[in-house]
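**Student:** Quick note, the sequences are listed as chains H and U, same order. Start counting the first sequence at 1; every next residue gets the next number (this note's numbering). Start counting the second sequence at 327; every next residue gets the next number (this note's numbering).
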Amino acid sequence: MSRHHPFYLAAILAAIVIPPFLSDYSLHLVIMVVIFAILTLSLNLISGYGGLISLGHAGFFLIGSYTSALLSVYQGWPFWLSMPTAILLTATSGLLLGFPALRWTGHFLAVITIAFGSIAQLLSVNWVFLTNGIDGVSSIPRPPLPGISLTSNVNYYYFVLICLAFIVYLMMRLVASGFGRALRAIKDDETAAACMGIDVAVTKVSAFVISAAIAGFAGALYAHYIRFLNPDSFSLDVSIRIFMMMIIGGTGSIAGSILGSFVVYVLPEVLRPLQDYYYLIWGVIVILVMLFLPGGLISLGSVLRAKMAARRDKLDPQVGSTETLS
Amino acid sequence: MTTPLLHVADLTKNFGGLTALAGVHIEVRSGTIHGLIGPNGSGKSTFINTVTGVIPPNSGQIVIDGRNVAGLRPNIVNAAGIARTFQNLRLFKAMSVLDNVLIGEHRHMGYGLGSALTMRNGEAERHVKDVAMGLLADVGLAHRAEAISGSLPYGEQRLLEIARALATQPKLLMLDEPLAGMNPTEMDRVVAILRRIVARGVTILLVEHAVRVVMSVCDRISVLNFGRNIAEGSPQEIQGNEDVVVAYLGRRRHVA
Ligand SMILES: Nc1ncnc2c1ncn2[C@@H]1O[C@H](COP(=O)(O)OP(=O)(O)O)[C@@H](O)[C@H]1O
Ligand SMILES: [Mg+2]
Chain H
1 MSRHHPFYLA AILAAIVIPP FLSDYSLHLV IMVVIFAILT LSLNLISGYG
51 GLISLGHAGF FLIGSYTSAL LSVYQGWPFW LSMPTAILLT ATSGLLLGFP
101 ALRWTGHFLA VITIAFGSIA QLLSVNWVFL TNGIDGVSSI PRPPLPGISL
151 TSNVNYYYFV LICLAFIVYL MMRLVASGFG RALRAIKDDE TAAACMGIDV
201 AVTKVSAFVI SAAIAGFAGA LYAHYIRFLN PDSFSLDVSI RIFMMMIIGG
251 TGSIAGSILG SFVVYVLPEV LRPLQDYYYL IWGVIVILVM LFLPGGLISL
301 GSVLRAKMAA RRDKLDPQVG STETLS
Chain U
327 MTTPLLHVAD LTKNFGGLTA LAGVHIEVRS GTIHGLIGPN GSGKSTFINT
377 VTGVIPPNSG QIVIDGRNVA GLRPNIVNAA GIARTFQNLR LFKAMSVLDN
427 VLIGEHRHMG YGLGSALTMR NGEAERHVKD VAMGLLADVG LAHRAEAISG
477 SLPYGEQRLL EIARALATQP KLLMLDEPLA GMNPTEMDRV VAILRRIVAR
527 GVTILLVEHA VRVVMSVCDR ISVLNFGRNI AEGSPQEIQG NEDVVVAYLG
577 RRRHVA
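Now the structure itself:
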C-alpha cells in the first residue's frame, strides 16, 4: 500500500487543484466521472468483493435519480429530504433484487439484473402520471447549502467530490469489517463460508441493499446536477458502462473503481476526434486489459513490479519472493 | 450413561440410484475422539456432508446436544455446535491465513454490519485478532498469519483448516482425512494437536485412512461399508472384527 502513496497523493491533489481551471465541458466530464465513480464503487461491493454480477445498476441509478427529482420538483421537498428518501427507496429495490441473487449466480443473475434495469426504464417511460414519460422531468433544483451556491458547476464539483470521499471512506470501512471479510469468503467458497457459520443469505442480501443504496445516492447527485431527467439516460448501456469501469479499473479495488470511471468516461472523449478509429482503439484497449491485467489498470504497477522481481529471481535464484498480504 | 453429544439415527442419503448412506447410526460421546473408517466410497464424507447441512439427507435424525439439525443450513448447524474440515481442502484461497481464521470467528464477533458503519469496531477487531493468532499458534502457523492461504504447502493448509474450524468454537469437530498427504512427522504433529483439542473439551469425529493413527488416538470407532454400519467398538474390538477385515481386504478369510 505504502508504495502507492505518492501516486494516490498526486491524484487527490490533482482532483482538488485542477478543476477550477477546466473548460465548462471538461468540468462537466469530471463531475460525471465522480458520479460514475460512486456507481462503480457500489457495483464493486457486490461484484468485486461479493462475486455477484449485476448488469442492472442503471436501474438503481434511475430509481435514485427519479425519486429525488420528482419529490423536489412536484412535492417541493428540499434535497436534504428527497435524497435520503431516494436512498431508502433504492435500498428497498436492492432488497427485492437481493433475493433472486440467493438462488441464481453467474449468467442467470446477469440476465435477471438486466431484466430489472429494463423494467425500471420501461416504468419510467410508461408511468407518465408519475414520471412524465419520455418528456422527462425538468427544472430540478440544485441542492441548497448555506453560504455556498451549488448552482456554480465548480462548487457542485467539490460537492460531489466530498460525497465521493465519504463513499470511499464508507467502502474502506465496509471492506475491512467482518461483513466485508464474510463477503470475500462467500466469493471464494460459499459452502465453506456457510460451514464456518456465515449466514450467506443475509450477507448477500445486505450487500445488495448497501450497493443499491449507494447507487441511489449517485442517482440523486446526478439528478440535481443535470437538472433534467428522461428515461434515455438509464439504458442498459449505462449498466454496461458501469460494469466496464469496474473491470477496466480493477475488480475488488476502491482506487480501481475511480480510475476505471475516469478512463472509461474520459478516454472516449479524448479519442473522439479519431472518429471511426475510435471504436477500434477503444476495443483494443479493453481487450488488452482483459487479457493481461485481470486485476484492472490499477494493478499495472504491481504486475510490472512482479515481472521485474521474477526477472531478478531468475538472475539470482538464491532470493525467492514469498507472497504476502500487506 | 450420559446422553451422547451427537446422536445420528437412520441417516439415509441417495444420489439418484446410488445409496451413499443406508440408515447409518452413530453416537459420539462428549470428550472423546470417535473414529469413522471404511473403504473408499463407503459414505464417510457423505456422512459429514449431511450432518453439517452441506447436502440434505433423505431421512434420519441428527441430534447435536439435544437439538435436531437434520436438513438445516450449514451456518445453523455450525451455530448448533458442529464445525468441520474438508477432505478436498476448501480454504478461502485468496485470503490471508489470518483472515481465514477470522472468518471462523465471524459468528462470535461482537460487532456486525451496524458497527462497521458507525465506526466502532476497533476494539472488537483487536480482540478477535488476538484469539485468531492464538489458534494459529496452537497449530504452529502463527508465523504464516499474513501469507495468502492458497500459497501454503499442503500440510499447512490442512492445519489451517483445523484452526479455522476451531475458531467457530464448536462442541464437535468433524475432520475429513486431516492426515491425507502428510509425512509421518507431520502426522505426529497433527495427532498431538488433536489430543490438545480434546483436552480442551472439544469432541472430535475423525475420518481417516491412516489405520495406525486411528487405532492409537480413537476412543471408539465406527466402521462403514457401502453406506451401512458394519462394526462399532473400541480399537481392539475393531482390529479383531472379521467383517472389518473382509471389508478392507475385499474377501472372506477361509474359516474352517
Ligand atoms: N455429490 C455426490 N453426487 C453423487 N454421488 C456422490 C456424491 N458424493 C458422494 N457420492 C457417492 O457416494 C458414495 C460415497 O462417497 P463418499 O461419501 O465420498 O465416500 P468416502 O468419503 O467414504 O470415500 C460414493 O459412491 C460416491 O461416488
Ligand atoms: Mg471421503
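The C-beta atom is built at its ideal place from N, Cα and C for all residues, glycine as well.
Is residue 243/H helix, strand or coil by DSSP?
**Tutor:** Stepping through the first sequence from its first residue, residue 243/H is reached at position 243. Correct three-state label for residue 243/H: helix.
**Student:** Mapping DSSP to helix, strand and coil, what is residue 352/U?
**Tutor:** To locate residue 352/U, count along the second sequence from 1; it is residue 26. Here residue 352/U sits in strand by DSSP.
**Student:** Determine the direct distance from the alpha carbon of residue 388/U to that of residue 543/U, and round the result to whole angstroms.
**Tutor:** Your numbering for residue 543/U matches position 217 in the second sequence. Your numbering for residue 388/U matches position 62 in the second sequence. Each residue's Cα considered, the two are about 25 Å apart.
**Student:** Between residue 40/H and residue 260/H, how many whole angstroms is the CB-CB distance? I'm expecting something under 8 Å.
**Tutor:** Against the first sequence, residue 40/H aligns to sequence position 40. Against the first sequence, residue 260/H aligns to sequence position 260. With a Cβ gap of about 6 Å, residue 40/H and residue 260/H count as contacting.
**Student:** Using only the alpha-carbon positions, how far apart do residue 582/U and residue 574/U sit?
**Tutor:** For the purposes of this step, residue 582/U is taken as residue 256 along the second sequence, with counting starting at 1. For the purposes of this step, residue 574/U is taken as residue 248 along the second sequence, with counting starting at 1. Residue confidence is low: residue 582/U scores 39 on pLDDT, short of 50, so the model does not pin down where it sits. No coordinate-derived value is stated.
**Student:** Under a three-way DSSP split, which group does residue 196/H fall into?
**Tutor:** On the first sequence, position 196 is the one that residue 196/H refers to. DSSP places residue 196/H in coil when its eight states are reduced to three.
**Student:** When the cut-off is 8 Å and only beta carbons count, does residue 329/U lie next to chain H?
**Tutor:** For the purposes of this step, residue 329/U is identified with residue 3 of the second sequence, where counting begins at 1. Judged by the 8 Å Cβ criterion, residue 329/U is not in contact with chain H.
**Student:** What's the gap between the Cα of residue 252/H and the Cα of residue 181/H?
**Tutor:** Sequence index remark: in the first sequence, residue 252/H carries index 252 (1-based). Sequence index remark: in the first sequence, residue 181/H carries index 181 (1-based). Using only the alpha carbons, I get a separation of about 12 Å.
**Student:** Are there any heavy atoms of ligand 1 lying less than 7 Å away from the beta-carbon of residue 370/U, as far as the coordinates show?
**Tutor:** Taking the second sequence and counting its residues from 1, the one referred to as residue 370/U is at position 44. It does: the Cβ of residue 370/U is within 7 Å (strictly closer) of some heavy atom of ligand 1.
**Student:** How is the alpha helix (DSSP H) around residue 430/U delimited, first residue to last?
**Tutor:** The sequence position of residue 430/U within the second sequence is 104, counting from 1. Looking at the DSSP string, the run of the alpha helix (DSSP H) that includes residue 430/U is 423-431.
**Student:** Check whether the Cβ atoms of residue 461/U and residue 409/U lie closer than 8 Å to each other.
**Tutor:** Against the second sequence, residue 461/U aligns to sequence position 135. Against the second sequence, residue 409/U aligns to sequence position 83. No. Outside cutoff.
**Student:** Roughly how many angstroms lie between the CA atoms of residue 558/U and residue 360/U, to the nearest whole one?
**Tutor:** Residue numbering aside, residue 558/U sits at position 232 when the second sequence is read from its first letter. Residue numbering aside, residue 360/U sits at position 34 when the second sequence is read from its first letter. If you take the alpha carbons of residue 558/U and residue 360/U, they lie about 10 Å apart.
**Student:** Please list, in chain order, the chain H residues whose beta carbon lies closer than 8 Å to that of residue 429/U.
**Tutor:** Position 103 of the second sequence, counted from the start, is the residue given in the question as residue 429/U. The answer, in chain order, is 181, 182, 185, 193, 196 and 198.
**Student:** Quick one: list the residues of chain H neighbouring residue 372/U, beta-carbon separation under 9 Å, in chain order.
**Tutor:** In the second sequence, the residue the question calls residue 372/U occupies position 46. Those within 9 Å of residue 372/U in chain H number zero; the least Cβ separation is about 14 Å.
**Student:** Does the beta carbon of residue 553/U sit closer than 8 Å to a beta carbon anywhere in chain H?
**Tutor:** In the second sequence, counting from the first residue as 1, residue 553/U sits at position 227. Judged by the 8 Å Cβ criterion, residue 553/U is not in contact with chain H.
**Student:** Identify, in the order they occur along the chain, each residue of the same chain with its Cβ nearer than 7 Å to the Cβ of residue 321/H, setting aside the five sequence neighbours on each side.
**Tutor:** On the first sequence, residue 321/H is found 321 positions in, with the first residue counted as 1. In this predicted model, residue 321/H has a pLDDT of only 46, less than 50, meaning its place in the structure is not dependable; the value taken from the coordinates is given anyway. 309 and 313, listed in sequence order.
**Student:** Would you say the beta carbon of residue 341/U is closer than 7 Å to some non-hydrogen atom of ligand 1?
**Tutor:** Along the second sequence, one-based indexing puts residue 341/U at 15. Within the cutoff, so yes.
**Student:** Can you give me the C-alpha to C-alpha distance between residue 342/U and residue 384/U, rounded to a whole angstrom?
**Tutor:** Counting from one through the second sequence, the residue named residue 342/U turns up at place 16. Counting from one through the second sequence, the residue named residue 384/U turns up at place 58. The alpha-carbon atoms of residue 342/U and residue 384/U are separated by roughly 11 Å.
**Student:** Mind checking whether the beta-carbon of residue 344/U lies closer than 7 Å to any heavy atom of ligand 1?
**Tutor:** Locating residue 344/U in the second sequence gives position 18, counting from the first residue. True, at least one ligand heavy atom lies under 7 Å from that Cβ.
**Student:** Strictly below 8 Å CB to CB, what residues from chain U border residue 249/H?
**Tutor:** Residue mapping note: residue 249/H aligns to position 249 of the first sequence, counting from 1. Near residue 249/H there are no residues of chain U at all, since even the closest Cβ is about 19 Å away, more than 8 Å.
**Student:** Distance, Cα to Cα, residue 567/U vs residue 556/U?
**Tutor:** Along the second sequence, read from residue 1 onward, the residue named residue 567/U stands at position 241. Along the second sequence, read from residue 1 onward, the residue named residue 556/U stands at position 230. Rounded to whole angstroms, residue 567/U to residue 556/U spans 10 Å at the Cα level.
**Student:** Does DSSP put residue 471/U in a helix, in a strand, or in coil?
**Tutor:** On the second sequence, residue 471/U is found 145 positions in, with the first residue counted as 1. If DSSP states are grouped into helix, strand and coil, residue 471/U belongs with coil.
**Student:** Flag this pair as touching only if the stretch 65-79 of chain H and the stretch 217-236 of chain H have three or more C-beta atom pairs under 8 Å; answer yes or no.
**Tutor:** Contact between the stretch 65-79 of chain H and the stretch 217-236 of chain H is present, because at least three Cβ pairs lie under 8 Å.
**Student:** Should the stretch 151-163 of chain H be regarded as contacting the stretch 100-107 of chain H, the criterion being three or more beta carbon pairs within less than 8 Å?
**Tutor:** No, the stretch 151-163 of chain H does not touch the stretch 100-107 of chain H.
**Student:** Can a CB atom of chain H be found closer than 8 Å to the CB of residue 419/U?
**Tutor:** Counting from 1 along the second sequence, the entry for residue 419/U is found at position 93. With 8 Å as the cut-off, residue 419/U counts as an interface residue toward chain H.
**Student:** Alpha carbons only, please: which of 395/U, 346/U and 471/U is nearest the one belonging to residue 373/U?
**Tutor:** Residue 373/U sits at position 47 when you count from the first residue of the second sequence. Checking every option, the nearest Cα to that of residue 373/U belongs to 346/U.
**Student:** Along the chain, where does the beta strand (DSSP E) that runs through residue 339/U open and close?
**Tutor:** For the purposes of this step, residue 339/U is taken as the residue at position 13 of the second sequence. Start and end: 332-341.
**Student:** Start and end of the alpha helix (DSSP H) containing residue 487/U?
**Tutor:** On the second sequence, residue 487/U is found 161 positions in, with the first residue counted as 1. Counting along the chain, the alpha helix (DSSP H) containing residue 487/U begins and ends at 480-492.
**Student:** Rounding to the nearest angstrom, what Cα-Cα distance links residue 207/H and residue 78/H in this structure?
**Tutor:** Taking the first sequence and counting its residues from 1, the one referred to as residue 207/H is at position 207. Taking the first sequence and counting its residues from 1, the one referred to as residue 78/H is at position 78. If you take the alpha carbons of residue 207/H and residue 78/H, they lie about 29 Å apart.
**Student:** Where do the N-terminal and C-terminal ends of the beta strand (DSSP E) with residue 387/U fall, by residue?
**Tutor:** As a first step, residue 387/U is located in the second sequence; it is residue number 61 there, counting from the start. Unbroken beta strand (DSSP E) run through residue 387/U: 385-390.
**Student:** Please report the straight-line C-alpha distance between residue 238/H and residue 58/H, rounded to a whole angstrom.
**Tutor:** Taking the first sequence and counting its residues from 1, the one referred to as residue 238/H is at position 238. Taking the first sequence and counting its residues from 1, the one referred to as residue 58/H is at position 58. Their Cα atoms are separated by approximately 6 Å.
**Student:** Quick one, which residues of the stretch 210-241 of chain H are near chain U if we go by CB-CB under 9 Å, in chain order?
**Tutor:** Those would be 210, in chain order.
**Student:** Let me check understanding here. Comparing Cα to Cα, which of 471/U, 564/U and 516/U lies closest to residue 549/U?
**Tutor:** To locate residue 549/U, count along the second sequence from 1; it is residue 223. Ranking 471/U, 564/U and 516/U by Cα distance to residue 549/U puts 564/U first.
**Student:** Any heavy atom of ligand 1 inside 7 Å of the beta-carbon of residue 362/H?
**Tutor:** No statement about residue 362/H is possible, as the shown extent of chain H runs from 1 to 326 and does not include it.
**Student:** How would you label residue 504/U, buried or exposed, when you count the other beta carbons within 10 angstroms and need 16 or more for buried?
**Tutor:** Looking up residue 504/U in the second sequence gives position 178. Buried, since its Cβ has 16 or more Cβ neighbours within 10 Å.
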